[in-house]
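*Asks:* Position 66, counted from 1, in the sequence shown is what UniProt numbering calls 66; the numbers after and before it change by one each time, with no gaps. C-beta atoms are modelled at their ideal positions from N, C-alpha and C, and glycine is treated no differently.
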Amino acid sequence: MAKREWNPTIPGAKKKRKKKTPLQKMHDKCWAMAKKVVYLRDHGQCQRCFKPVKSTNAHTSHTFPKSTHAAIKYNLLNLTLLCYHDHINWYHKNPIAASEWIRETFPDRIAVIEKIPRLRSYRVDDLQEILEELQAEYERLSNG
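1. Is S121 helix, strand or coil by DSSP?
2. Going by the beta-carbon positions, is the gap between A32 and T60 smaller than 8 Å?
3. Got a sec, what are the start and stop residues for the beta strand (DSSP E) C30 sits in?
4. Rounded C-beta distance between Y138 and K54? I'm assuming under 8 Å.
5. Please classify I130 as buried or exposed, where buried requires at least 16 other C-beta atoms within 10 Å of its C-beta.
6. In this structure, how does DSSP classify S61 when only helix, strand and coil are distinguished?
7. Mapping DSSP to helix, strand and coil, what is residue 233?
8. For P95 and N89, what's the separation of their Cα atoms in angstroms?
9. Following the continuous beta strand (DSSP E) through L82, name the residue where it begins and the one where it ends.
10. Should A111 go down as buried or exposed, given a rule of 16 or more other Cβ atoms within 10 Å for buried?
11. Can you give the Cα-Cα distance for K73 and K14, rounded to whole angstroms?
12. Buried or exposed: Q47, going by 16 or more other Cβ atoms within 10 Å of its Cβ?
Structural data, given as structure tokens:
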């Protein structure tokens with residue numbers, strides 16, 4: 001018997017998920033570790049309003065968008081911990097004000113980030129190296 005394709009007209013039918021590639025899985029691991037490191041580095045508080053954040057209220061925001069600055073999407077200098085309100089309702093809705101705030105609040109980070117090339121594609125071994133660096137930083141922050 002031939003396997004049937006997914007049909008959206010059949011009630012209750014579920015679309016089969018595509019399996020993630022090793023590269024996609026490694027991106028997920030790097031992002032999860034980067035978020036943990038940023039949370040520890042920023043002491044679990046929003047860097048704009050300084051309120052404590054937990055769980056779904058803790059948003060790791062990219063200073064420079066990952067779509068245009070792929071080479072630094074996991075760079076800790078490009079990541080900032082914000083609460084949901086400041087990330088979604090302020091940062092994304094007021095990009096000019098957000099950019100000015102970032103430049104005033106973290107001028108040293110911006111100076112370094114702007115010197116890094118913008119575009120890059122990753123291989124699994126590149127991401128493995130990034131993951132190891134992030135894990136080392138996580139250990140350093142956890143122990144000290």
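*Replies:* Working from what's here:
1. coil
2. no
3. That residue, C30, is in no beta strand (DSSP E); its alpha helix (DSSP H) goes 22-41.
4. Not quite, the Cβ-Cβ distance comes to about 18 Å (not below 8 Å), so this is no contact.
5. buried
6. strand
7. Only positions 1 to 144 of the chain appear in the structure, and residue 233 is not among them; the question remains open.
8. 11 Å
9. 79-83
10. exposed
11. 33 Å
12. buried
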